[in-house]
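Written out below as structure tokens is the structure these notes cover.
There are 2 protein chains.
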Amino acid sequence: MSINKLRALIGDVMDLRHAADLIEWDERVCMPPGGLAVHGEMSAALRRLAHEKFASTQVGDALDAATQSVAGDDPDSTNARMVSVLARDYARATRVPADFVAEHAAAVSAAQHTWAEARAKSDFARFAPHLEKIVELKRRYVAFFPPADHPYDVLLDEYEPGMKTADVRRLFESLRTRQVAIIEALAERPAPSATFLGATYVENDIRRFAEDVVTAFGFDWTRGRQDKSVHPFATGIGASDVRITTRWVEGQPLALLFGTMHEAGHAMYEQGVAGEHQRTILEGGASLGVHESQSRLWENMVGRSRPFWNHFFPKLQAVSSAQLGAVSAATFYDAINRVQPTLIRVEADEATYNLHIMLRVELELALIEGSLRVAELPDAWNTRMKKYLGLTPPDDASGVLQDIHWAAGLFGYFATYTIGNVIAAQLWSRFGEVHAGRDSDIARGDFSALLAWLRAELHQHGRKFQPQELVERITGSPVDPEPYLRYLETKYAMH
Amino acid sequence: MSINKLRALIGDVMDLRHAADLIEWDERVCMPPGGLAVHGEMSAALRRLAHEKFASTQVGDALDAATQSVAGDDPDSTNARMVSVLARDYARATRVPADFVAEHAAAVSAAQHTWAEARAKSDFARFAPHLEKIVELKRRYVAFFPPADHPYDVLLDEYEPGMKTADVRRLFESLRTRQVAIIEALAERPAPSATFLGATYVENDIRRFAEDVVTAFGFDWTRGRQDKSVHPFATGIGASDVRITTRWVEGQPLALLFGTMHEAGHAMYEQGVAGEHQRTILEGGASLGVHESQSRLWENMVGRSRPFWNHFFPKLQAVSSAQLGAVSAATFYDAINRVQPTLIRVEADEATYNLHIMLRVELELALIEGSLRVAELPDAWNTRMKKYLGLTPPDDASGVLQDIHWAAGLFGYFATYTIGNVIAAQLWSRFGEVHAGRDSDIARGDFSALLAWLRAELHQHGRKFQPQELVERITGSPVDPEPYLRYLETKYAMH
Numbered sequence: 241m242s243i244n245k246l247r248a249l250i251g252d253v254m255d256l257r258h259a260a261d262l263i264e265w266d267e268r269v270c271m272p273p274g275g276l277a278v279h280g281e282m283s284a285a286l287r288r289l290a291h292e293k294f295a296s297t298q299v300g301d302a303l304d305a306a307t308q309s310v311a312g313d314d315p316d317s318t319n320a321r322m323v324s325v326l327a328r329d330y331a332r333a334t335r336v337p338a339d340f341v342a343e344h345a346a347a348v349s350a351a352q353h354t355w356a357e358a359r360a361k362s363d364f365a366r367f368a369p370h371l372e373k374i375v376e377l378k379r380r381y382v383a384f385f386p387p388a389d390h391p392y393d394v395l396l397d398e399y400e401p402g403m404k405t406a407d408v409r410r411l412f413e414s415l416r417t418r419q420v421a422i423i424e425a426l427a428e429r430p431a432p433s434a435t436f437l438g439a440t441y442v443e444n445d446i447r448r449f450a451e452d453v454v455t456a457f458g459f460d461w462t463r464g465r466q467d468k469s470v471h472p473f474a475t476g477i478g479a480s481d482v483r484i485t486t487r488w489v490e491g492q493p494l495a496l497l498f499g500t501m502h503e504a505g506h507a508m509y510e511q512g513v514a515g516e517h518q519r520t521i522l523e524g525g526a527s528l529g530v531h532e533s534q535s536r537l538w539e540n541m542v543g544r545s546r547p548f549w550n551h552f553f554p555k556l557q558a559v560s561s562a563q564l565g566a567v568s569a570a571t572f573y574d575a576i577n578r579v580q581p582t583l584i585r586v587e588a589d590e591a592t593y594n595l596h597i598m599l600r601v602e603l604e605l606a607l608i609e610g611s612l613r614v615a616e617l618p619d620a621w622n623t624r625m626k627k628y629l630g631l632t633p634p635d636d637a638s639g640v641l642q643d644i645h646w647a648a649g650l651f652g653y654f655a656t657y658t659i660g661n662v663i664a665a666q667l668w669s670r671f672g673e674v675h676a677g678r679d680s681d682i683a684r685g686d687f688s689a690l691l692a693w694l695r696a697e698l699h700q701h702g703r704k705f706q707p708q709e710l711v712e713r714i715t716g717s718p719v720d721p722e723p724y725l726r727y728l729e730t731k732y733a734m735h
Numbered sequence: 241m242s243i244n245k246l247r248a249l250i251g252d253v254m255d256l257r258h259a260a261d262l263i264e265w266d267e268r269v270c271m272p273p274g275g276l277a278v279h280g281e282m283s284a285a286l287r288r289l290a291h292e293k294f295a296s297t298q299v300g301d302a303l304d305a306a307t308q309s310v311a312g313d314d315p316d317s318t319n320a321r322m323v324s325v326l327a328r329d330y331a332r333a334t335r336v337p338a339d340f341v342a343e344h345a346a347a348v349s350a351a352q353h354t355w356a357e358a359r360a361k362s363d364f365a366r367f368a369p370h371l372e373k374i375v376e377l378k379r380r381y382v383a384f385f386p387p388a389d390h391p392y393d394v395l396l397d398e399y400e401p402g403m404k405t406a407d408v409r410r411l412f413e414s415l416r417t418r419q420v421a422i423i424e425a426l427a428e429r430p431a432p433s434a435t436f437l438g439a440t441y442v443e444n445d446i447r448r449f450a451e452d453v454v455t456a457f458g459f460d461w462t463r464g465r466q467d468k469s470v471h472p473f474a475t476g477i478g479a480s481d482v483r484i485t486t487r488w489v490e491g492q493p494l495a496l497l498f499g500t501m502h503e504a505g506h507a508m509y510e511q512g513v514a515g516e517h518q519r520t521i522l523e524g525g526a527s528l529g530v531h532e533s534q535s536r537l538w539e540n541m542v543g544r545s546r547p548f549w550n551h552f553f554p555k556l557q558a559v560s561s562a563q564l565g566a567v568s569a570a571t572f573y574d575a576i577n578r579v580q581p582t583l584i585r586v587e588a589d590e591a592t593y594n595l596h597i598m599l600r601v602e603l604e605l606a607l608i609e610g611s612l613r614v615a616e617l618p619d620a621w622n623t624r625m626k627k628y629l630g631l632t633p634p635d636d637a638s639g640v641l642q643d644i645h646w647a648a649g650l651f652g653y654f655a656t657y658t659i660g661n662v663i664a665a666q667l668w669s670r671f672g673e674v675h676a677g678r679d680s681d682i683a684r685g686d687f688s689a690l691l692a693w694l695r696a697e698l699h700q701h702g703r704k705f706q707p708q709e710l711v712e713r714i715t716g717s718p719v720d721p722e723p724y725l726r727y728l729e730t731k732y733a734m735h
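The listed protein sequences correspond, in order, to chains S and W. With our numbering, letter number 56 in the first sequence gets 296, and the count goes up by one each step, no holes. With our numbering, letter number 362 in the second sequence gets 602, and the count goes up by one each step, no holes.
Written out as structure tokens, the structure is:
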């Protein structure tokens, strides 16, 4: 009975969160520009109500009662797990005072506005006071929680539950040397030809091709849709309505294709969460890192692989014959996998991507620890960019100002991109062990065994298991960079 | 101070209503089919929360305090009017017990589902028990309110505040004889040629033309958009985001055009509500009848007029030259204004439309009074259809089962369609008096004076004035069928 009471209370909270998510989707996809203010008020009201209903004494009391009632249950039962995830979320929601939440919301709103202006003018000094305020807020935020091994643990835990700063440091330590070695070795080789990627392609042809690809992956269009937006994203209103967006960038014809695969990877994860978790706290993904593992797996391990293009290149050639008719599958494969250090994270290839993340995480850590001042940030950024990627940003717009995350208050978030890459490779390697036909399936355009395995092992559980625990249940190992490094070294023929 | 407290409380309620409206728009325009259940839960949660927050003791207390604080104000001031509209809505919201609301919601949900099946099979008996339940609920609903002159007054008041059953009876009494006379006289004349309307047109060409027309009307695309849906509708998330939908019906190429004008008429009303009413109870339209006056005015008085087509016919010819190249503007005008009694309300022309409404209102009244049993309804429908329009439905699907309103529990709603027609003609006549260039403006495609007049006289006020009062303020007369009858008699050259 106490479990049902708790489920009913949380069901209301989830309805409000779904409504806010859908309204934010609308804002980015449908809303006419004049609607900005009224949408902002609606979203804020829904988020505030959802928070009030969640961080209420009713939920606290129901949670206490439910904790007692599941005490004798199998600790891996859905009810026991649901109660423990709820207890963690509830503790987080109730530790932070409402006036701090309001102060933080106002600060990040102003900071994002100024960041956009500062980036447009490449004027870091303009953004600096906002970032100082946000760093100060993050340090105050950490103080609401029990002392951790490292203050950054508290921030990281919000996006990657259970992950510690020490784990992240070890992870990057393992990645740094071998990823830099790959980049240096590739720099010695001649760059693959890729001029045909600079041709003019037809947006609708590429979009239809991308939709055919994710349909083959198993994206369920009866429980999803794709639209255009300025920045691509995926949003799930529960498992039965999961929407993705894409964009067309002139001069980067395949950004739409790989972006669609990436967002479909996120979306298929949410579509795969078991019906029993709908409208409960166990809806959605285990962590941002695990979520990113799904987008990266479909985008990179599948979508940039030789077997994939052996099957799909003739189809892409058929819709873009003027641009690709004279290109071989092998040349195309080399072109889409060429490694070329870039200043911009979102344009980075598989070999260099994690170095962009490492740079940001190191700087975040130093800001939170207080060993780096905001004023020193541009220099620290540029020094690391030179060291890891051999490049020097010509201005702060293509350097320290390129990403919105810090302006949005998302400290502790960047690491999850790399964690996602690493988990993707662990899953990919494990699936290869249990399913010998992994690559030959893909070469036939058959993704059914892969999706079924991901559903059974990972998707269905939603938030039931903590990320590290989930990865260990599936692969037999905690989060481990070795499969990712082997994957890269094999792909780029380092042996 | 007490006014500000009240405004803040109602602002929250309006945010929740906006969110529910937007989610219902999404359900009809964007939602993938699998999302139905989760959307239903979201909408229900938002409507329930909005109701709880509105019908709360906090709002009641704030309303009492505000009523005292505005006691000495100009009774036409925004605050005084806001308090009086709120008091009316609050009384309505708090008179009806929550368990009745839940019972009603369940009954209309089941009834609409069964109605769709019954209409598909033309099987009234299947729908009858649901309609009996709804009639019973409506009679119980009436009993929650103080005794009125007629029980139907309570139902009517929800859609057309201040309008009485006796007013509606008088209105229809005046319309009946002269509208039937017009129809009979027209039946004697040869029908205008309209075969070119049966040609195959290109949807996108007509849609673009329709969008050009409503752009010329003054529909503000920075605060609105148009999409496709099964049934056209307009929905406003406040004045700054008002969305319309349309549909393409094969064989009825101009349904999209006139439908777009109609919904744009509704939307321009909402877009014109003064900014000071945003997120207050005074947002939106004065009544359904006043709202319908705006859609009908733009669709019929403007959009089916000779001066309009003198200007726009060459433009329509240019995009549909194969279909209309050999047609004259005069022939086209006659074709789109031909009068032909039909069984189906939504296909009715201007001369016969009100008779469809009269039939429904008479039957509703009899059901609510208890003088007609549900089992007798199909015969009563067919008898009146023969009497008013000279037609006999071949089956109940094209007779008593054609409209969803009764299944949806919307008793008291139908009359507002006719009230809208009547008010439209009053406004049209009044605007002709104050603006001598009315018709010559339209013949130049210039609608700016008309829209500015409607904004100043009507739109900006939102719900500030009661419908009858508003019409009297603008036209000097209460709701009066005479201008509409004169408009029809002039249009169809009865003199």
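Beta carbons: idealized from backbone N, C-alpha and C, even for Gly.
Same chain, Cβ closer than 8 Å to residue i, five either side skipped, listed in chain order
{"i": "Gln352 of chain S", "result": "Ile644, Ala647, Ala648"}
{"i": "Asp329 of chain S", "result": "Phe294, Ile521"}
{"i": "Ala425 of chain S", "result": "Tyr732, Met734"}
{"i": "Ser717 of chain W", "result": "Gln666, Val711"}
{"i": "Gly458 of chain W", "result": "Met508, Phe687, Ser688, Leu691"}
Cβ neighbours of residue i in the same chain (closer than 7 Å, five flanking residues each side left out)
{"i": "Val640 of chain W", "result": "Phe364, Leu617, Pro618, Trp621"}
{"i": "Ile714 of chain W", "result": "Leu667, Arg670, Glu697, Leu698"}
{"i": "Gly630 of chain S", "result": "Pro581"}
Rounded Cβ spacing between residue i and residue j (contact assumed at less than 8 Å)
{"i": "Leu396 of chain S", "j": "Gly660 of chain S", "result": "Going by Cβ atoms, the distance from Leu396 of chain S to Gly660 of chain S rounds to 14 Å, so no, they are not a contact pair."}
{"i": "Thr485 of chain W", "j": "Gln466 of chain W", "result": "7 Å"}
{"i": "Gly672 of chain S", "j": "Val278 of chain W", "result": "Gly672 of chain S to Val278 of chain W, Cβ: 36 Å. No contact."}
{"i": "Ala327 of chain W", "j": "Thr354 of chain W", "result": "Not really, about 38 Å apart at Cβ, beyond 8 Å."}
{"i": "Ala664 of chain S", "j": "Ile422 of chain S", "result": "That pair is no contact at about 17 Å."}
{"i": "Thr500 of chain S", "j": "Val454 of chain S", "result": "6 Å"}
{"i": "Met625 of chain W", "j": "Leu599 of chain W", "result": "7 Å"}
{"i": "Pro721 of chain W", "j": "Leu415 of chain W", "result": "5 Å"}
{"i": "Leu564 of chain W", "j": "Phe436 of chain W", "result": "6 Å"}
{"i": "Leu246 of chain S", "j": "Ala302 of chain S", "result": "4 Å"}
Beta bridge counterpart(s) of residue i as assigned by DSSP
{"i": "Ile484 of chain W", "result": "W:Gln466, W:Ala474"}
Same chain, Cβ closer than 6 Å to residue i, neighbours up to 5 away in sequence not counted
{"i": "Met392 of chain S", "result": "In the sequence as presented, Met is not what sits at residue 392 of chain S; that position holds Tyr. Excluding sequence neighbours, Tyr392 of chain S sits near Thr405, Leu605, Ile608."}
{"i": "Gly685 of chain W", "result": "Ala456, His551"}
{"i": "Ala198 of chain S", "result": "An answer regarding residue 198 of chain S cannot be provided, because it is not within the stretch 241 to 735 covered by chain S."}
{"i": "Phe192 of chain S", "result": "Residue 192 of chain S lies beyond the range of chain S shown here (241 to 735); nothing can be said about it."}
{"i": "Asn540 of chain S", "result": "Glu590"}
{"i": "Phe473 of chain W", "result": "Thr485"}
Residues in the segment 501-525 of chain W with C-beta within 8 Å of chain S's C-beta atoms, listed in sequence order?
Going along the segment 501-525 of chain W in chain order, one finds Gln518, Arg519 with a Cβ nearer than 8 Å to chain S.
Name the residues in the segment 243-269 of chain W whose C-beta lies less than 9 Å from a C-beta of chain S; which are they?
When C-beta distances to chain S are compared with 9 Å, the residues of the segment 243-269 of chain W below that value are Gly251, Asp252, Met254, Asp255, Leu256, His258, Ala259, Ala260, Leu262, Ile263, Trp265, Asp266, Val269, in chain order.
So if I threshold CB-CB distances at 9 Å, which residues from the segment 466-489 of chain W count as touching chain S?
Cβ contacts with chain S: Asp467, Ile477, Gly478, Ala479, Ser480, Asp481, Val482, Arg483.
Closer than 9 Å, Cβ to Cβ, to anything on chain S: give me those residues from the segment 444-466 of chain W, in chain order.
Those would be Asp460, Trp461, Thr462, Arg463, Gly464, Arg465, in chain order.
Inter-stretch contact (C-beta, 8 Å, three-pair minimum) for the segment 699-708 of chain S and the segment 445-460 of chain S
Contact fails: fewer than three Cβ-Cβ distances are below 8 Å.
Interfacial residues, the segment 668-695 of chain W to chain S, with Cβ spacing under 9 Å
Contacts with chain S (Cβ-Cβ distance below 9 Å) from the segment 668-695 of chain W involve no residue at all.
Segment contact, 8 Å Cβ cut-off, at least three pairs: the segment 687-696 of chain S with the segment 422-442 of chain S
With a cut-off of 8 Å, the segment 422-442 of chain S and the segment 687-696 of chain S do not count as touching, because too few Cβ pairs lie within range.
Taking contact to mean 3 or more Cβ pairs, one atom from each stretch, closer than 8 Å, check whether the segment 296-312 of chain S and the segment 241-250 of chain S are in contact.
These segments touch.
Validate contact between the segment 540-555 of chain W and the segment 568-579 of chain W using beta carbons, cut 8 Å, 3 pairs:
In short, these stretches touch, since the Cβ pair count reaches three.
Given a limit of 9 Å on CB to CB distance, which residues of the segment 271-283 of chain S reach chain W?
Only Met271, Pro272, Pro273, Gly274, Gly275, Leu276, Ala277, Val278, His279, Glu281, Met282, Ser283 from the segment 271-283 of chain S bring a Cβ to less than 9 Å from some Cβ of chain W.
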